[in-house]
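Written out below as structure tokens is the structure these notes cover.
Number of protein chains: 2
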Amino acid sequence: MNVEIISVGTELLLGNILNTDAQYISRRLSDIGLTVYFQTVVGDNKERLKKAFKTAYERADIIITSGGLGPTNDDLTKETGAEYFNKKLVLDEKSLDAIKEYFKSLNRKIGEGNKKQAYFPEDAIIIPNGNGTAPGCIIEDGGKVLINLPGPPSELIPMFENGVMPYLTKYQDGVIFSKVLRVCGIGESFVAEKIKDILDKQTNPTVAPYAKEGEVTLRITAKGKDEEEAKRLIVPVEKEIRNILGDYVYGVGETTIEEVVSNMLIDKKLTLSVAESCTGGMIASRFINVSGASNFFIEGDVTYSNEAKVRRLGVKEETLKKFGAVSDKTAYEMAEGIARAAHTDIGLSTTGIAGPEGGTIEKPVGLVYIGLYFKGEITVKELHLKGNRQRVRNEATIEAIDMLRRKLINAAAIK
Amino acid sequence: MNVEIISVGTELLLGNILNTDAQYISRRLSDIGLTVYFQTVVGDNKERLKKAFKTAYERADIIITSGGLGPTNDDLTKETGAEYFNKKLVLDEKSLDAIKEYFKSLNRKIGEGNKKQAYFPEDAIIIPNGNGTAPGCIIEDGGKVLINLPGPPSELIPMFENGVMPYLTKYQDGVIFSKVLRVCGIGESFVAEKIKDILDKQTNPTVAPYAKEGEVTLRITAKGKDEEEAKRLIVPVEKEIRNILGDYVYGVGETTIEEVVSNMLIDKKLTLSVAESCTGGMIASRFINVSGASNFFIEGDVTYSNEAKVRRLGVKEETLKKFGAVSDKTAYEMAEGIARAAHTDIGLSTTGIAGPEGGTIEKPVGLVYIGLYFKGEITVKELHLKGNRQRVRNEATIEAIDMLRRKLINAAAIK
Numbered sequence: 001m002n003v004e005i006i007s008v009g010t011e012l013l014l015g016n017i018l019n020t021d022a023q024y025i026s027r028r029l030s031d032i033g034l035t036v037y038f039q040t041v042v043g044d045n046k047e048r049l050k051k052a053f054k055t056a057y058e059r060a061d062i063i064i065t066s067g068g069l070g071p072t073n074d075d076l077t078k079e080t081g082a083e084y085f086n087k088k089l090v091l092d093e094k095s096l097d098a099i100k101e102y103f104k105s106l107n108r109k110i111g112e113g114n115k116k117q118a119y120f121p122e123d124a125i126i127i128p129n130g131n132g133t134a135p136g137c138i139i140e141d142g143g144k145v146l147i148n149l150p151g152p153p154s155e156l157i158p159m160f161e162n163g164v165m166p167y168l169t170k171y172q173d174g175v176i177f178s179k180v181l182r183v184c185g186i187g188e189s190f191v192a193e194k195i196k197d198i199l200d201k202q203t204n205p206t207v208a209p210y211a212k213e214g215e216v217t218l219r220i221t222a223k224g225k226d227e228e229e230a231k232r233l234i235v236p237v238e239k240e241i242r243n244i245l246g247d248y249v250y251g252v253g254e255t256t257i258e259e260v261v262s263n264m265l266i267d268k269k270l271t272l273s274v275a276e277s278c279t280g281g282m283i284a285s286r287f288i289n290v291s292g293a294s295n296f297f298i299e300g301d302v303t304y305s306n307e308a309k310v311r312r313l314g315v316k317e318e319t320l321k322k323f324g325a326v327s328d329k330t331a332y333e334m335a336e337g338i339a340r341a342a343h344t345d346i347g348l349s350t351t352g353i354a355g356p357e358g359g360t361i362e363k364p365v366g367l368v369y370i371g372l373y374f375k376g377e378i379t380v381k382e383l384h385l386k387g388n389r390q391r392v393r394n395e396a397t398i399e400a401i402d403m404l405r406r407k408l409i410n411a412a413a414i415k
Numbered sequence: 416m417n418v419e420i421i422s423v424g425t426e427l428l429l430g431n432i433l434n435t436d437a438q439y440i441s442r443r444l445s446d447i448g449l450t451v452y453f454q455t456v457v458g459d460n461k462e463r464l465k466k467a468f469k470t471a472y473e474r475a476d477i478i479i480t481s482g483g484l485g486p487t488n489d490d491l492t493k494e495t496g497a498e499y500f501n502k503k504l505v506l507d508e509k510s511l512d513a514i515k516e517y518f519k520s521l522n523r524k525i526g527e528g529n530k531k532q533a534y535f536p537e538d539a540i541i542i543p544n545g546n547g548t549a550p551g552c553i554i555e556d557g558g559k560v561l562i563n564l565p566g567p568p569s570e571l572i573p574m575f576e577n578g579v580m581p582y583l584t585k586y587q588d589g590v591i592f593s594k595v596l597r598v599c600g601i602g603e604s605f606v607a608e609k610i611k612d613i614l615d616k617q618t619n620p621t622v623a624p625y626a627k628e629g630e631v632t633l634r635i636t637a638k639g640k641d642e643e644e645a646k647r648l649i650v651p652v653e654k655e656i657r658n659i660l661g662d663y664v665y666g667v668g669e670t671t672i673e674e675v676v677s678n679m680l681i682d683k684k685l686t687l688s689v690a691e692s693c694t695g696g697m698i699a700s701r702f703i704n705v706s707g708a709s710n711f712f713i714e715g716d717v718t719y720s721n722e723a724k725v726r727r728l729g730v731k732e733e734t735l736k737k738f739g740a741v742s743d744k745t746a747y748e749m750a751e752g753i754a755r756a757a758h759t760d761i762g763l764s765t766t767g768i769a770g771p772e773g774g775t776i777e778k779p780v781g782l783v784y785i786g787l788y789f790k791g792e793i794t795v796k797e798l799h800l801k802g803n804r805q806r807v808r809n810e811a812t813i814e815a816i817d818m819l820r821r822k823l824i825n826a827a828a829i830k
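These protein sequence lines map, in sequence, to chains L and R. Per the working numbering, residue 1 is the first one in the first sequence, and the count goes up by one each step. Per the working numbering, residue 416 is the first one in the second sequence, and the count goes up by one each step.
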């Protein structure tokens, strides 16, 4: 059974946005063993979209579209699908209620265009949208299937997972199962070198390394007659990789490093405070994005100015004068200062030069110090990072969280 | 003259990588007024690639491919193009020398597979590759053009700029110029309703609304005989839109809302501090990502716990007890507290329920209060947001920055 992906949107043809939807859908289809031979991108144009349906159905049985379900007149995907299959569009009262409810909860009136989002080709299966106003739908007709999903990834992804994946299981032919290992503190090329023997001999399972924002993921993918068999095939390969990479592997699947650390903190009943200069709120923001952060996260201070470092954290004016705001001494005093002020077991600090301005020969852009106060003991780490401002800040954030993770691995449960 | 983009690579169909090449090529073609109606992705398979050529030439005169020029056996793009046009592959000595030279500079011997990278369809125009071993080529035959480029962006982009753009100028038919207006504080459907007349009558320029993470962008695209003419055509449409949307329009092009606000703060010589609960560092992080933030950003406090709200910001325990941490009163005291503690002109605060847990009937997930202290005067805004934890936090962040922007529009320069 093969599937074709059609992304609808003139903004894709103009290069305004990246087609992340097609990648996401492709990856998930591959996970369940459904083949994709073609992806197509077409603009907001009824005739061309209809032609794209025709071409696609000559070589595939299932089409999944993204985009073109919005409230404006150039959103045409459902209308074109209905025309293609000679179906009328009919109002779905339940969807209309949900859209009205959505606007009511925002204290706003429903827009005129939003009403058309409640119309669907007759007999379509409707996929509710928990994060926006455009429900999706599935049309089945003469052995062909058309699945329409909205374009914004924040709406498409949950709808795909909750509404489309369960639907597609009936077309599955064998099962592909993937397990993702998440790796931190080591670059992609070093990972590839360390596990070269595994990469060279791979057939089933396959192992694919992928670098992403300061982390590396390793996707182990096995094909089996059922999930159990596929999972069984993964076990020895995962074990071999873990033996080689040790605690560079911090988690599996979609787990983030901040989730791993948050769970460790909750487990060990430890409290955390953060004092950030160059990362300016990014570390706090990551921890607070973990639901349940209130169990351990007491306070974060973004002490970007020297004044705030002194007043809030008790960093000595002398330290700033003698060693500078970006120095191991300052990181040290920041970590200690925030932990003492917030009365927490742990204090994590960052200070660095994120660029593009502010670098000197002695202290170039990318120089970052991370301070870690842990129950009275303080450690400072010096980093030399590469890239633009956003990247330096992001990598410093991950390195800081990883430094805490490594500390916690060795720490005994206290309290 | 219209162009079709065909990206070749099974890794794209498996969702292993994002198709950034197609976006890049599309954007550049649009810059010079060449139209793209379709993009296609196809795997490393000769038969399917040939079919993709056939389909594409039924609707376009120029095909640009990316990928499939590598040294391995599954790299087939040139071979397939030659077959499609009935041309032999012939050795280009100059390219072979360049490939040998490339390996020599790496102190390595040329691989057997790399030799095939020096073979091209007869009469092809060859595009040298300064950053890798795969030269590109252009085939012209019977009014049709096929341009083959390598897949890695670090090779494709310079080759496109140096080899393809100059070649394409002869097919250029006028120039397309786009201007993007950035809109905040109003949803996509409302924007569309407000400028419905403009959207309905659009021909040249065209106007395309697009929703993205709590913002809306409006792309005005004009076609003219040169850039000057295209720009002139945009002026009245932009003016009309700005008249209707007023200060919902916060900027143009790639400007972010935090950059706009940062510039206003620097201009007016105002200082800012931030006290965040539910947004937990996201507001601070956005401001600090603006190079030059040290001119106005004094301090941010992530007071996620009640304890920190009381100790750091002077929020009254009574307020927390009587009204709760998520209340207009708490937002009020947080904004005032941070401004007083940090001695800043402005204090911005957030407190809310980001979910998924913690909601009640009176205070549901998505309820957020924003407090704004501005030189002694305090305003609080109540929001009802939708979506998952990340989305609620992100929209609260944008709303808070936008609230400050609106205040600054009306504020006189103060010292």
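Glycine included, each C-beta is placed from N, C-alpha and C at the ideal position. These numbers come from a predicted model, not from an experiment.
Go ahead and pull the three-state DSSP assignment for residue i.
i	result
residue 829 of chain R	The pLDDT assigned to residue 829 of chain R is 48, lower than 50, so where the model puts this residue is not dependable; a value taken from the coordinates is nonetheless given after this. The answer is coil: DSSP assigns residue 829 of chain R none of H, G, I, E or B.
residue 406 of chain L	helix
residue 148 of chain L	strand
residue 290 of chain L	coil
residue 587 of chain R	coil
residue 847 of chain R	Outside the modelled stretch of chain R, which goes from 416 to 830, sits residue 847 of chain R, for which no answer is possible.
residue 692 of chain R	coil
residue 397 of chain L	helix
residue 120 of chain L	strand
residue 555 of chain R	strand
residue 458 of chain R	coil
List the residues of chain R that residue i touches, going by C-beta distances under 7 Å, in chain order.
i	result
residue 18 of chain L	433, 435, 438
residue 10 of chain L	623
residue 282 of chain L	696, 700
In chain L, which residues lie with their C-beta within 7 Å of the C-beta of residue i?
i	result
residue 532 of chain R	Simply none; closest approach about 23 Å.
Is residue i buried or exposed, if buried means 16 or more other CB atoms sit within 10 Å of its CB?
i	result
residue 139 of chain L	buried
residue 409 of chain L	exposed
residue 543 of chain R	exposed
residue 415 of chain L	Reliability of the predicted coordinates at residue 415 of chain L is poor, the pLDDT of 44 falling under 50, and the value obtained from them is presented with this limitation in mind. By the 10 Å Cβ count, residue 415 of chain L comes out exposed.
residue 724 of chain R	buried
residue 424 of chain R	buried
residue 787 of chain R	buried
residue 413 of chain L	Only weak support is given to the placement of residue 413 of chain L: the predicted model assigns it a pLDDT of 45, under 50, and the value that follows is read from those uncertain coordinates. With fewer than 16 Cβ atoms within 10 Å of its Cβ, residue 413 of chain L is classed as exposed.
residue 780 of chain R	buried
residue 618 of chain R	exposed
residue 647 of chain R	exposed
For residue i, return the contacting residues in chain R, with the cut-off set at a CB-CB distance below 9 Å.
i	result
residue 154 of chain L	628, 802, 803, 805, 806
residue 37 of chain L	428, 457, 458, 460, 463
residue 301 of chain L	714, 715, 716, 717, 727
Taking DSSP's pairing of strands, which residues face residue i in a bridge?
i	result
residue 2 of chain L	L:35
residue 625 of chain R	R:632
residue 182 of chain L	L:217, L:251
residue 66 of chain L	L:7, L:149
residue 381 of chain L	L:370
Taking C-beta pairs closer than 8 Å, name the residues in chain L that residue i reaches, listed in chain order.
i	result
residue 704 of chain R	280, 389, 390, 393
residue 550 of chain R	Within 8 Å Cβ-Cβ: nothing; residue 550 of chain R doesn't reach chain L, min ~25 Å.
Does the beta carbon of residue i fall short of 7 Å from some heavy atom of the ligand ATP?
i	result
residue 392 of chain L	This structure lacks the ligand ATP, and indeed carries no ligand of any kind.
Using a cut-off of 9 Å between C-beta atoms, extract the partners of residue i located in chain L.
i	result
residue 470 of chain R	55
residue 831 of chain R	Here chain R comprises residues numbered 416 to 830, so residue 831 of chain R is not present and cannot be evaluated.
residue 597 of chain R	Those within 9 Å of residue 597 of chain R in chain L number zero; the least Cβ separation is about 13 Å.
Just to make sure I have the definition right: I need the residues of chain R whose C-beta is within less than 8 Å of the C-beta of residue i. Which are they?
i	result
residue 72 of chain L	603, 604, 607, 614, 624
What is the C-beta distance between residue i and residue j, in whole angstroms, given that I count them as a contact (C-beta under 8 Å)?
i	j	result
residue 271 of chain L	residue 353 of chain L	With a Cβ gap of about 30 Å, residue 271 of chain L and residue 353 of chain L do not count as contacting.
residue 78 of chain L	residue 120 of chain L	7 Å
residue 545 of chain R	residue 573 of chain R	6 Å
residue 370 of chain L	residue 400 of chain L	5 Å
Taking only beta-carbon positions, decide if residue i is within less than 8 Å of chain B.
i	result
residue 114 of chain L	Among the chains of the structure shown, chain B does not appear; the protein chains present are L and R.
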